[in-house]
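K.L.:
Got a structure for you, written out below as structure tokens; questions coming shortly.
Residue numbers (the numbering used here), protein chains in the order written: chain G, 17 to 494; chain X, 1063 to 1544.
This is the structure:
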């Protein structure tokens, strides 16, 4: 009958951390140094920072941003130290600035996308910008610290997504930025604030209780809140941990019968992160990001490129784009309910509609910001084209941003068939935007709210981020 | 057939139906029993919250929340020295309510009041001066918040049992807070729908933070985020108007999800009418209440048979027959949060002391040697018929002595459970005992009076004033009833 153990006084203080998955993450966040960032990773992450800022700036002109900002300003005024994208005179408290800027970033679905699928930068950058302004002058993090913290935020997101095979495909249940984004923001902020290893652990634990929003609000005005809340709540989690709040130290581990972070997945297989010794390979090294060329869901980019290609064929064939010659438009797309919308009625729906984006590309020869205005969405010529669309789901077209393709076929009344297919759109990680294209996108976005000198200042600052002595200058320049 | 007043002909979705009901319920729909039960819940929740303001977790979130401040502010229960913006008042007070796991529990399982009351009280203070919120408005909004939670819990079979994945207050509590605030704000039907939609994107925290210091934040955040959702909807923010209908909406939190429309408003059948809450007698997970009652009873028997002395050193082993609930199975808890979630700890404490109280969870009591000796001898068994549901679970405690004798007893329904509700005197005693730790006697008396007469109070801001400790004498003129 030896099954009652000899009682051991509980060992509270540990000399070396036990190797749990959670503690390995905390160790990583705590111990990783700027030297661990490779050249590729630095280069790629700076591109992401620039794009994210630009997207946030143009996003500050949206209605959803307006609501979020008004809400934050009406309810709170004090300790207003953190800047708001595109609003030079306005400051908010750090978490609300993060919230508002996060909403701006995702307001038009114009922000970056990774594989496995999430929008990584929007969940991390606003928190870091806000936090950098929060810290007293004597402890301002420099540009390198900032860049490192940003990459910690990305890395944690990527590593967490690798814990479940479900993440490889376009999501169905929880919107990934709200799941891993919150954790990334907590990790990044913990890094920037130089929290202890224990505090890093608790930041992750607290953040998990703030993660997770259902997919159903995608394609609605509430979707941008997912990024806004991810970045804000992750920041909150780190701030609470900094003040001594404690959570479950096994939050990332598998806890049978009582879910931790695994609650968000059906299949969950966590593995520890190796502590960065001399060499740590960041996921961003192997797997680059996709930048969007127009403000719509990533899936739209394949059908648009396919549509543009078949449009050219059609113009060569008919001399001009003549919709009356078209009997049917066949879209070959993967199965994904929330982006299959034959007749979208709002800008949010339009950004999540294969049909809308294909037809807009066919009609206009391009898709841009203006394509999603009220008048553009409801124009007669577009509705007529939409009427001709049928959708097919070939078995080999998987709902996965690494493998999917888009095909647009025009079945003409004459009996001829013209087809355009796109495997890899320009901006995808396999065909990254050139430096010129990225800068063009940034300048175009930022010019909606900032004067030219400021725009060029930001470009230069981000390009030379590692050499910046006070990274809060980046936030103040917005 | 559409019944009188029902607008359900307009909406074909469950989400729309919920919005209709939130809009359409009014004071006339409240039955006597619902009023009585909900007032008991309000009183208990206030007391538990007041007590909770003295906890460490509450101190931390208060410090954190103080970094925000604004002109509009709401009361922090138990404090007159500072106020916070409504959102953070809801957060901090919600944390206080759940800080010790002392708040009410319902079936299907959740902690309904803590997610709603702090939000509606904080919100009631945020209206412009001219607009008075009556006690009846508050009571109605509160009940809307409770009702919505209960209805949502019934959409999934999983909800019947003690949870494993998501902590229910974070799922339905956020929605309940949102609904209650939408009601108090008198939002139109469309905005009620959007409130629910936005709230869903804040819902859901994993269970693993139960038994840690972060758990109380689940209720605090539910209250705060529900309020935020209502405020954002009020400003015009829109979400998915079928949020309750879709599997990728609230359905995301469940593996089996079958939403239903609500009953028509005519003689609305409130869930609280059919199903009361359980009120805790000591601050620990509800499952431990069965254990405490059984253990106390075994202790009495033990004492009787050995001359009124507890034969501690003669105890060979202690066996607890409980349902299988992993997060309450803790053989050696080291923190107060773990102790509150430990069948073993509560059994041994009750055996040692005869009953459980707030004091049972102090650091000295958690670490006393006599307790640890008993814990060493304690083990759990999970009989197949002991289902992990607050409706049907039981606990059997059996103590075996060295001489081979075994004394045991079983508890099917502890005192405080909905099948054996606390008597009025005992509910009040719990409230007094809790509230008096931070408020003067005049204020605690005044709160009891106010809650008991809530539907007659013209301006519910008096409640907030008493909660901050202000004297009843000065405000006696505000107690004039309608």
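Idealized CB from N, CA, C, for every residue including glycine.
Using a 10 Å radius around the Cβ and a threshold of 16 neighbouring Cβ atoms, would you call residue 403 (chain G) buried or exposed?
P.N.:
That one is exposed.
K.L.:
Quick one: is residue 461 (chain G) near chain X, going by C-beta distance under 8 Å?
P.N.:
Residue 461 (chain G) does not count as touching chain X.
K.L.:
Assign residue 1519 (chain X) to one of three DSSP states: helix, strand, or coil.
P.N.:
Residue state, collapsed to three classes: strand.
K.L.:
Check whether the stretch 296 to 310 of chain G and the stretch 164 to 179 of chain G are in contact - that is, three or more C-beta pairs closer than 8 Å.
P.N.:
Yes: the two stretches touch, three or more of their Cβ pairs being nearer than 8 Å.
K.L.:
Which of the three DSSP states, helix, strand or coil, is assigned to residue 406 (chain G)?
P.N.:
DSSP places residue 406 (chain G) in strand when its eight states are reduced to three.
K.L.:
Buried or exposed: where does residue 1224 (chain X) fall if 16 or more other Cβ atoms within 10 Å of its Cβ makes it buried?
P.N.:
With 16 or more other Cβ atoms within 10 Å, it is buried.
K.L.:
Entirely within the stretch 1121 to 1169 of chain X and at least 4 residues each: give me those alpha helix (DSSP H) ranges in chain order.
P.N.:
Counting whole runs of 4 or more residues, the stretch 1121 to 1169 of chain X contains the alpha helix (DSSP H) stretches 1148 to 1160.
K.L.:
Throw me the rounded Cβ distance for the residue 466 (chain G) and residue 102 (chain G) pair, which I believe falls under 8 Å.
P.N.:
Correct: roughly 7 Å between the Cβ atoms.
K.L.:
Using the Cα positions of residue 309 (chain G) and residue 176 (chain G), report the straight-line distance between them to the nearest angstrom.
P.N.:
Their Cα atoms are separated by approximately 27 Å.
K.L.:
List, in order along the chain, the chain G residues whose C-beta lies closer than 7 Å to that of residue 1298 (chain X)?
P.N.:
Simply 83.
K.L.:
Hey, could you find the ends of the alpha helix (DSSP H) residue 240 (chain G) is sitting in?
P.N.:
Segment 239 to 258, the alpha helix (DSSP H) holding residue 240 (chain G).
K.L.:
Going along chain C in order, which residues have a C-beta closer than 9 Å to the C-beta of residue 1144 (chain X)?
P.N.:
Absent from the structure is chain C; the protein chains it does hold are G and X.
K.L.:
Excluding the five sequence neighbours on either side, which residues of its own chain have a C-beta within less than 7 Å of the C-beta of residue 195 (chain G), listed in chain order?
P.N.:
These residues qualify, in order along the chain: 227, 228 and 280.
K.L.:
State the beta-bridge partners of residue 505 (chain G) as determined by DSSP.
P.N.:
With chain G represented from 17 up to 494, any question about residue 505 (chain G) goes unanswered, as that position is not in the structure.
K.L.:
Using only the heavy atoms of the ligand NAP, determine whether one of them is closer than 7 Å to the beta carbon of residue 441 (chain G).
P.N.:
Summarising the ligand content, the structure contains no ligands, and the ligand NAP is consequently not present.
K.L.:
Does the Cβ of residue 1080 (chain X) have 16 or more other Cβ atoms within 10 Å, making it buried, or fewer, making it exposed?
P.N.:
Buried, by the Cβ-count rule.
K.L.:
To the nearest angstrom, report how far apart residue 23 (chain G) and residue 1379 (chain X) are at their CA atoms.
P.N.:
Residue placement at residue 23 (chain G) cannot be trusted, given a pLDDT of 34 that sits under 50; the coordinates are not used to answer.
K.L.:
Would you mind sorting residue 431 (chain G) into buried or exposed? The rule is 16 or more other CB atoms within 10 Å of its CB.
P.N.:
Exposed: under 16 other Cβ atoms inside 10 Å.
K.L.:
How many whole angstroms separate the CB atoms of residue 1109 (chain X) and residue 1344 (chain X), which I take to be in contact at a CB cut-off of 8 Å?
P.N.:
That pair is no contact at about 13 Å.
K.L.:
Using alpha carbons as the reference points, say which of G:206, G:306 and G:285 lies closest to residue 259 (chain G).
P.N.:
Minimum Cα distance to residue 259 (chain G) is reached at G:206.
K.L.:
Give the C-beta separation of residue 485 (chain G) and residue 149 (chain G) to the nearest angstrom, bearing in mind that I take them to be a contact with Cβ-Cβ under 8 Å.
P.N.:
Contact flag wrong, Cβ pair sits at about 15 Å.
K.L.:
Near residue 1354 (chain X), which residues of its chain fall below 6 Å by C-beta distance, leaving aside the five closest residues on each side in sequence?
P.N.:
Same-chain partners within the cutoff: 1408, 1412 and 1418.
K.L.:
Taking 8 Å as the CB-CB cut-off, is residue 1237 (chain X) touching chain G?
P.N.:
It does not: the Cβ of residue 1237 (chain X) has no partner Cβ on chain G nearer than 8 Å.
K.L.:
Counting pairs of beta carbons, one from the stretch 267 to 281 of chain G and one from the stretch 209 to 229 of chain G, are three or more of them closer than 8 Å?
P.N.:
Contact between the stretch 267 to 281 of chain G and the stretch 209 to 229 of chain G is present, because at least three Cβ pairs lie under 8 Å.
K.L.:
May I ask which residues mark the beginning and end of the beta strand (DSSP E) holding residue 561 (chain G)?
P.N.:
Given that chain G is displayed from residue 17 to residue 494, the structure contains no residue 561 (chain G) and the question cannot be resolved.
K.L.:
Using the beta-carbon count (16 or more within 10 Å), is residue 1546 (chain X) buried or exposed?
P.N.:
This structure leaves residue 1546 (chain X) out entirely; chain X is present only between 1063 and 1544.
K.L.:
Can you name the residues of chain X whose CB is closer than 9 Å to the CB of residue 188 (chain G)?
P.N.:
Chain X residues near residue 188 (chain G): 1309, 1310 and 1314.
K.L.:
Could you confirm whether any beta carbon from chain X is found closer than 8 Å to the beta carbon of residue 47 (chain G)?
P.N.:
It does not; no Cβ of chain X falls within 8 Å.
K.L.:
Can you have a look at residue 327 (chain G) and say buried or exposed, based on whether 16 or more other CB atoms are within 10 angstroms of its CB?
P.N.:
Under this definition residue 327 (chain G) is a buried residue.
K.L.:
Below 9 Å on C-beta distance, what does residue 276 (chain G) contact in chain X?
P.N.:
Going along chain X in sequence order, the residues near residue 276 (chain G) (Cβ under 9 Å) are 1268, 1269, 1270 and 1271.
K.L.:
Under a three-way DSSP split, which group does residue 422 (chain G) fall into?
P.N.:
It is a strand residue.
K.L.:
Please confirm if the stretch 1326 to 1342 of chain X is in contact with the stretch 1091 to 1103 of chain X, defined as three or more CB-CB distances below 8 Å between the two stretches.
P.N.:
Segments in contact, yes.
K.L.:
Are the stretch 1388 to 1398 of chain X and the stretch 1451 to 1462 of chain X in contact at 8 Å, needing three or more beta carbon pairs?
P.N.:
The answer is no - the stretch 1451 to 1462 of chain X does not touch the stretch 1388 to 1398 of chain X, with fewer than three Cβ pairs under 8 Å.
K.L.:
For residue 228 (chain G), which residues in chain X fall below 7 Å Cβ to Cβ?
P.N.:
Result: 1266.
K.L.:
Using three-state DSSP, classify residue 1440 (chain X) as helix, strand or coil.
P.N.:
Reduced to three states, the DSSP call for residue 1440 (chain X) is strand.
K.L.:
Let me know the secondary structure DSSP gives residue 142 (chain G) once reduced to three states.
P.N.:
It is helical.
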